[in-house]
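For reference, the structure discussed in these notes is given below.
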Amino acid sequence: MPDNILYTDLSAYYDLMCADIDYQAQSDTAHRLHQIFGNGGIGHLDLGCGTGPHIRHFIDRGYHCSGLDINQPMLDIAQQRCPEARFSQQDMCMFTVTEPVDVITCFLYSIHYSGDITKLKHCISSAHKALSANGVFCFNAVDKNKINNNSFTSHTATQGSNEFIFSSKWHYCGSGEQQALKLHIQKTTANTTQSWQDEHPMVAISFKELQNLLNPYFEVHIFEHDFQKLIPWNKESGNALFVCVKTAK
Ligand SMILES: C[S@@+](CC[C@H](N)C(=O)[O-])C[C@H]1O[C@@H](n2cnc3c(N)ncnc32)[C@H](O)[C@@H]1O
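Residue numbers (numbering that gives the first Met the number 0): 0 to 248.
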């Protein structure tokens, strides 16, 4: 079974899995951060855009949006949700844009899909190159040293006569630059149950290392992972919101 079946064969279930995520709040926060730190421009790009939920909210706020993702089935759903936006199948570690954008977002920890530190560096330099002056790169991340391998989230959802259980957890072995996102999806229809295990290899990094990668390119601001209020990062939390401003360094 392929590693990332969630983004290919099971892409039709992705939005159900994410039904509890407050995409409106995340998009509103990114917009607010762009207003505070950025140049106020309306060109937006979403990396690892998935089915396009953030892009929908940005379009509704008046942005001109584009999205990129490595999996075409996700982009097909995104294009239906956001006919006004331009989508391209690209790797976030080596992407290009036709014209500079003012704000780049990358949510739901998708930046970790860059896979290893070398590719993450390419992702950061690609984002820097794609931004206009004083543009903002906004993403959330998890610190490898704060991952609790015993912690997981789980929720149920119903679609027609199908009952789903989605579970996910991080796993970090304690050394090296690889962590995994482990997903379990169970679908029950009448008396038949199917289940899938997905294990996504992702880059593992500490926030200190991440800041060191970002600093040569950006002025970096870090906030608590709270989409209701902006609170500076307390230097302890393992989840955080990074706001990276392309200044003339
Ligand atoms: C957790 S989902 C997040 C989707 C969306 N940002 C959201 O918040 O719902 C991660 C997305 O990243 C995409 N992805 C994985 N590796 C990628 C890569 N190297 N380049 C671009 N997209 C990638 C997947 O196909 C998937 O759509």
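Think of the CB as a built atom: it goes at the ideal place given N, C-alpha and C, for glycine as much as any other residue.
A quick note: this is a predicted structure, and the numbers were derived from the prediction, not measured.
**Message:** Please determine whether the Cβ atom of Met91 lies at a distance below 7 Å from any heavy atom of ligand 2.
**Reply:** Annotation note on ligand 2: not contained in the displayed structure, which lists ligand 1 as its ligands.
**Asked** What residues in its chain sit with their C-beta under 6 Å from that of Ser153, if we drop five residues either side in the sequence?
**Response** Ser166
**Request:** Answer yes or no: do Ala11 and Ala156 have a C-beta to C-beta separation smaller than 8 Å?
**Result:** no
**Request:** Within its chain, find whatever has a CB closer than 8 Å to the CB of Tyr13; leave out the 5 residues flanking it on each side and keep chain order.
**Result:** Leu5, Tyr6, Gly49, Thr50, Met73, Ile76
**Collapsed DSSP secondary structure at Thr155 in the structure displayed** = strand
**Asked** Going by Cα to Cα distance, which pick from Trp195, Ser124, Asp225 is closest to Asp8?
**Response** Trp195
**Request:** Go ahead and label Ala82 buried or exposed: buried means 16 or more other beta carbons lie within 10 angstroms of its beta carbon, across all protein chains shown.
**Result:** A small correction: the amino acid at residue 82 is Pro; Ala does not occupy that position in the sequence shown. Result: exposed.
**Item:** Assigned exposure category for Thr28 - 16 Cβ within 10 Å defines buried
**Value:** buried
**Item:** Per-residue DSSP class, three states only, for Cys17
**Value:** coil
**Request:** Could you tell me whether any non-hydrogen atom of ligand 1 is closer than 7 Å to the CB of Pro200?
**Result:** no
**Prompt:** Which residues mark the beginning and the end of the beta strand (DSSP E) in which Asp45 is found?
**Reply:** 42-46
**Prompt:** For Glu235, which of helix, strand or coil comes out of DSSP?
**Reply:** coil
**Prompt:** With burial defined as no fewer than 16 other Cβ atoms inside 10 Å of the residue's Cβ, what is the status of Gly159: buried or exposed?
**Reply:** exposed
**Asked** Hey, is Tyr6 close to ligand 1, as in C-beta under 7 Å from one of its heavy atoms?
**Response** yes
**Request:** Please state whether DSSP places Asn211 in a helix, a strand or coil.
**Result:** helix
**Prompt:** Exposed or buried, what is Met91 when buried is set at 16 or more other beta-carbons lying within 10 Å of its beta-carbon?
**Reply:** buried
**Prompt:** Hey, Ile41 and His63 are a contact pair by Cβ (cut 8 Å); roughly how many whole angstroms apart?
**Reply:** 6 Å
**Distance cut-off 7 Å: Asn70 Cβ against heavy atoms of ligand 1** = yes
**Inside the stretch 79-167 only - alpha helix (DSSP H) runs reaching at least 4 residues** = 116-129
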